[in-house]
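Report on one structure; see the data block that follows.
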Amino acid sequence: MLLLPFLVLALQLSATSAIERAALDGVRGGVFPGAVVVVGTHDRVLLSRGYGRLTWSSSGATPSSDSTLYDLASLTKVVATTPAVMLLVQAGRLDLDRPVQHYLPEFTGDDKERVTVRHLLEHRSGMRAFLPLNERASTAAEARQIVLTEPLRFDPGGRIVYSDLNAMLLGWIVERVAGVPLDRFVEENVFGPLGMRHTLFKPPRALRPRIAPVGIWRGYVIAGQVHDQNAARLGGVSGHAGLYSTGLDLARYAQLWLNEGHAGDGMQLLLVGTVRHFARRGPGNRALGWELRDTTSAEDTGTLLSPAAFGHGGYTGTSLWIDPVRDLFVIVLTNRVFAPRTRRSISRLKDIRGRIADAAVALRREVCGPADPRPGATKSC
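If you read the sequence shown in the working numbering, its first letter stands for residue 3, the second for the next number, and so on.
If you want it as structure tokens, here you go:
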């Protein structure tokens, strides 16, 4: 029996080492210069570490899970825009099944009266996948007008076409209904209550030394200027991109979901029914706002997360996955877009994230024991 604690420690170190090997393989393979990995449960952070450097320089700083800010790119959709929509829905101010035109009458064009708010969250609006707004518009107002009047390419409620335009529209709906800018609404109603003190749009210049850079322009390192050019054209605040955060701030957000909307100190930020509705499997591998784990592939999520796991990624090299069955979250933040030294950085990053996810499941099991998947069961960690 005396050997049991040492065996548990050895297994825990093995899972931790597997995460470290995967992260450092990404650095050595030229996929990204550095990474932050945070793994935890509904009430504990099991691992929180930085690997590599913020740049390819050997003298660069090591990323920190509590102070290094990452450009989240499309993680903005689920960390800012989705909870903003949820809050307005549960307050009775926004109806998912109302037409988008009810909230944005300027959303005009053939068949657009059939597009609902739910369609935007499911990426079944019929909108095209992408528009180069930075090339077609010279101001934020012009960019907005282009999106609002863009013709549908598919029947509303039909095929799933993942599109940034859907999230842009959701952000504008939030602003119209709430009567305040999106960044102000989420700061006051999501990030502030959760204690996410390092999560924000448009970080000030003073924070730039703490921001993982996303490129080099004319010899200067780019940090704090949003990588997504459409978000930049829209002024740095958009429903699809523009948010910055740290690993530990995102851990707080992940725990909100694992606790079904309970934010601690007796505060129920999101209603249990709202959380379950938005995380429920819908058409394809999608929930409302979120992507659901593709059980036919090990890319991004490995093989051990449950089919109920939901998450999202960002083009800059960020990802967040939450598994309510395993009582587990896995956060991987990288600045993949900073001068990658391999041509296959996206596919290789997905492989690395899958390895980290599998090791995270093993780590949780060894530290906490197996999670009880029964609804309402007492969590063991």
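All residues carry an ideal CB built from backbone N, CA and C; glycine is no exception.
What residues in its chain sit with their C-beta under 6 Å from that of Thr-83, if we drop five residues either side in the sequence?
-> Ala-169, Leu-172, Gly-173, Gly-241
Thr-305 versus Gly-356: straight-line alpha-carbon distance, rounded = 8 Å
Distance between Leu-98 and Thr-336 (C-alpha atoms, nearest Å) = 33 Å
What are the boundary residues of the alpha helix (DSSP H) that includes His-279?
-> 274-281
Own chain residues within Cβ distance below 6 Å of Ala-225, not counting five before or after = Arg-210, Ile-213, Pro-215
With a cut-off of 8 Å, do at least 3 Cβ pairs link the segment 113-121 to the segment 147-167?
-> yes
What do you reckon, are the CB atoms on Leu-167 and Val-149 nearer than 8 Å?
-> yes
Does the segment 281-299 touch the segment 173-187, meaning 3 or more C-beta pairs lie closer than 8 Å?
-> no
Go to Val-192, then tell me how far its beta strand (DSSP E) extends in each direction, as first and last residue.
-> From DSSP, Val-192 is part of no beta strand (DSSP E); its letter is neither H nor E.
Does the distance from the CB of His-229 to the CB of Asp-73 come in under 8 Å?
-> yes
How about Thr-18 and Leu-49: are their beta carbons less than 8 Å apart?
-> yes
Looking at the unbroken beta strand (DSSP E) that takes in Gly-173, where does it start and where does it end?
-> From DSSP, Gly-173 is part of no beta strand (DSSP E) but of the alpha helix (DSSP H) over 166-180.
Buried or exposed by the 16-neighbour rule on C-beta atoms within 10 Å, applied to Gly-244 = buried
Taking just the CA atoms, how far does Val-192 sit from Val-274?
-> 16 Å
Once you ignore the five residues that flank Trp-259 on each side, which residues in its own chain have a CB closer than 6 Å to its CB?
-> Ile-324
For Ile-21, is the classification buried or exposed, using 16 other Cβ atoms within 10 angstroms of its Cβ as the cut-off for buried?
-> buried
Counterpart residues of Glu-293 in DSSP-defined beta bridges | Arg-288, Gly-313
Are three or more beta carbon pairs between the segment 263-278 and the segment 336-345 nearer than 8 Å?
-> no
May I ask you to report which of helix, strand or coil DSSP gives Ser-16?
-> helix
Other residues of its chain near Leu-236: CB distance less than 6 Å, five sequence neighbours each side excluded = Ala-142, Ala-145
Residues that Phe-331 bridges to, as DSSP identifies them = Gly-42, Ile-324
Are the segment 357-374 and the segment 297-311 in contact at 8 Å, needing three or more beta carbon pairs?
-> yes
Exposure label - Leu-5; buried when at least 16 CB within 10 Å | Caution applies to Leu-5, whose pLDDT of 42 falls short of 50 and renders its modelled position unreliable; the model cannot decide the point.
Continuous beta strand (DSSP E) stretch holding Leu-245: start and end | 245-247
Helix, strand or coil: which one does DSSP assign to Asp-73?
-> strand
Spatial neighbours of Val-47 in its chain, beta-carbon cut-off 8 Å, leaving aside the 5 residues before and after = Val-40, Val-41, Leu-250, Ala-253
Identified DSSP bridge partners for Arg-51 = Val-39
Gly-36 and Gly-54 look like a contact to me (Cβ under 8 Å); what is the Cβ gap, rounded to whole Å?
-> 3 Å
What first and last residue would you give for the beta strand (DSSP E) that runs through Gly-217?
-> 217-219
Have a look at Pro-326 and Tyr-222 and give me their C-alpha separation to the nearest angstrom.
-> 43 Å
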